[in-house]
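Have a look at the structure below, then the notes.
Protein chains in written order, with our numbering: chain A, 82 to 467; chain B, 781 to 1105.
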């Protein structure tokens, strides 16, 4: 009497040359580059559609980098789109990209564990196991929400949500809103809440950060960054610091703090790109959006800043960013991740773990999509040997 | 009727200098002014003796009345120099400068801000034109393409092709969408080349009107005859209708395009668009002043297939814009 056989997905084990985890922009780009070289691969994604991070973003979001510099290998964005495509247009592009290259990722497949065995990668998923010579991890910069907790939060009567769960400010019309986080999402969500008729909006600024306009006289922040990339870092830092201040003026009266390092060093060392302003700063300067230097605790229905200022709130949006969440499934992750949990190698083999490649874990000022494309080409060349 | 619960543009940014300006909304005058990067908007009558504050000047973050020197900040809080212990104040409005215009509404109102800004597009121009016609009649003009053949020289469809124009109207509780498709009217070859059109292209004018405030967002583009391929050029226009008085409406036009870059072709295209918007809207505005009495009401009028959206829009103006909140 044998054990009852389980049919279906649970007990299968497949062997593939290359397994790509993730079907967002980076994973699709790697898949396209491999397909173009005739190299076999299997691609899985936990979500039910390609580009799931983009689908999860709020409605107002536009690509912060210009369409012309953001296409993935083998298919540019359609020319009729605006300079900065909207979230929906990016999703449509990713779908078209997959179709154009004939990519058929296996969707709804969650990776539980990936470990290096003898001379291959053993990857366990909820739909069976894979053995692969090469493993491409493209699970995204934005995989897991980073969600701090604050003293007094439990007794706050209003709603607290992470930006991942924020769709549109229309939900909060007439409410007093506080947005925590001075990254792009925080600034844009504050703007969206104001536009959609929140009765008061306060943006809680975190640490020091540079702020640049999305474009000046038709030249985008991304184009400027591409130009800086060709200069020595110290020179680029000096110019960038000067021009950043010229572009939006001195923002210190509104509680913004300027980092000690230059803008270019900030990106390279700390992975902190400048906030790309899409209109929030003008509203802050006109007194329509208030700022607080930080969030120390909740007290009753108020949020309280470290310097003791109180702001009553009906809703608090935590635009506190994301983590890569790689250590959760990748054995031996310590050897390849930095102290923020992001890979130390990008678009190239990781010496401590042979056969492993990370794609799309950088967010440079020159554009994350553009970078993903460059990394994908390099990874595909390394895997296919051409 | 409570117009102040909606955002309205009341003048262009470039029309508001360091001096205050008198603007009208719904037949009521207001004084708008700039101070320290903040925009103030107050009823244009000093609470003291009723002098027009808009004839005063801005000093020390306050608008100073030219009559007795009483002065008021953007929050309406004032001071009377002759009686320092008195704390005069006046009603104030919430004002903001955005997308090249000065906007205002009542403080605490929750009407959404209309999406007339660039989105991801490249700004081309912002203009204001005044039509001697009520808001409804003005909006009518912008939300049917039948008039374009007779009135305009470049926009819309040629009179002889009007019959071939497809019109699809979709009504939602808070919006009315109209999709028009028909043959692009003949253009000089140089202009066609500039926009990137072929001789047999279709022009698509696809707009949606919203009612808090009353505005229409147009997306205009072209489809190549035969292949059905969309041409790269896209124009996005936002039009907001501000009722100045019952019979006077200001038309604010926010023009954007995806033609980017600083090359001569993109530059020429944007200049052409700017001139086109100015000329075509001016034609509409002057035409509207010639409506016979009834001032554009629809009662007893004989409406055609292009006019389907007009009734739907009027219902929504009554309910969402003029009606109770």
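Backbone N, C-alpha and C define an ideal beta-carbon position, used for all residues, glycine too. None of the values given here were measured: they were computed from a predicted structure.
A direct Cα-Cα distance of roughly 45 Å separates residue 295/A from residue 1078/B. Here residue 452/A is not near residue 233/A, since their CB atoms are 7 Å or more apart. Among the CB atoms of chain B, none fall inside 7 Å of the CB of residue 117/A. Scanning chain B for C-beta atoms nearer than 7 Å to the C-beta of residue 276/A yields 892 and 893, reported in chain order. Here residue 194/A carries a strand assignment [DSSP, helix/strand/coil]. A straight line joining the alpha-carbon of residue 862/B with that of residue 373/A spans about 38 Å. Cβ contact annotation for residue 1054/B (same chain, cutoff 6 Å, sequence separation greater than five): 904 and 905, in chain order.
Residues of chain B whose Cβ lies closer than 8 Å to the Cβ of residue 143/A are, in chain order, 899 and 900. Against chain A, the CB of residue 818/B has a partner CB under 7 Å away; the residue lies at that interface. Residue 304/A is outside the set of residues whose beta carbon lies under 7 Å from a beta carbon in chain B. The C-alpha of residue 230/A is placed about 26 Å away from the C-alpha of residue 424/A. Across the structure, residue 1041/B and residue 1050/B are spaced so that their CA atoms are roughly 10 Å apart. Only buried fits residue 824/B, as 16 or more other CB atoms lie within 10 angstroms of its CB.
DSSP places residue 114/A outside any beta strand (DSSP E); the residue lies instead in the alpha helix (DSSP H), whose first and last residues are 106-117.
Residue pairing by DSSP places residue 1061/B in no beta bridge whatsoever. Residue pairing for residue 875/B: DSSP places it in a beta bridge opposite 884/B. In this chain, residue 1104/B is not harboured by any beta strand (DSSP E), its DSSP state being neither H nor E.
Apart from sequence neighbours up to five positions away, the residues of its chain that approach residue 338/A with a beta-carbon distance below 6 Å are 289, ordered along the chain. Neighbours of residue 888/B in chain A, taken as residues at a C-beta separation under 7 Å, are given in chain order as 280.
Nearest to residue 393/A by C-alpha distance, out of 371/A, 401/A, 403/A and 404/A, is 371/A. For secondary structure counted as the alpha helix (DSSP H) over 4 or more consecutive residues, the stretch 1020-1054 of chain B holds no complete run. A contact is defined here as three or more CB-CB pairs under 8 Å, and the stretch 794-811 of chain B fails this definition with respect to the stretch 138-150 of chain A.
Following the DSSP letters along the chain, one finds residue 399/A inside the beta strand (DSSP E) bounded by residues 396-399.
Our two residues, residue 117/A and residue 246/A, have alpha carbons roughly 37 Å apart in a direct line.
Between residue 201/A and residue 212/A, the C-beta gap is smaller than 7 Å, which places the two residues in contact. In the displayed model, residue 1093/B falls within a helix according to three-state DSSP.
In the DSSP assignment, residue 909/B falls within the beta strand (DSSP E) that extends over 902-911. Comparing alpha-carbon positions, the option among 99/A, 217/A and 105/A lying closest to residue 450/A turns out to be 105/A. Bounds of the alpha helix (DSSP H) holding residue 265/A are 265-276. For the set 920/B, 1083/B and 1013/B, the Cα lying nearest the Cα of residue 1068/B is the one of 920/B. Neighbours of residue 161/A in chain B, taken as residues whose beta carbon is under 8 Å from its own, are 1001, 1010, 1011, 1012, 1013, 1014 and 1038 in chain order. When C-alpha distances from residue 890/B are compared across 783/B, 865/B and 801/B, the shortest belongs to 783/B. Neighbours of residue 1042/B in chain A, taken as residues at a C-beta separation under 7 Å, are given in chain order as 299.
The DSSP-derived three-state label of residue 305/A is helix. By a beta-carbon distance limit of 8 Å, residue 258/A does not contact residue 285/A. Their separation comes to about 11 Å. About 5 Å separates the beta carbon of residue 1060/B from that of residue 932/B, a gap short enough to meet the 8 Å contact definition.
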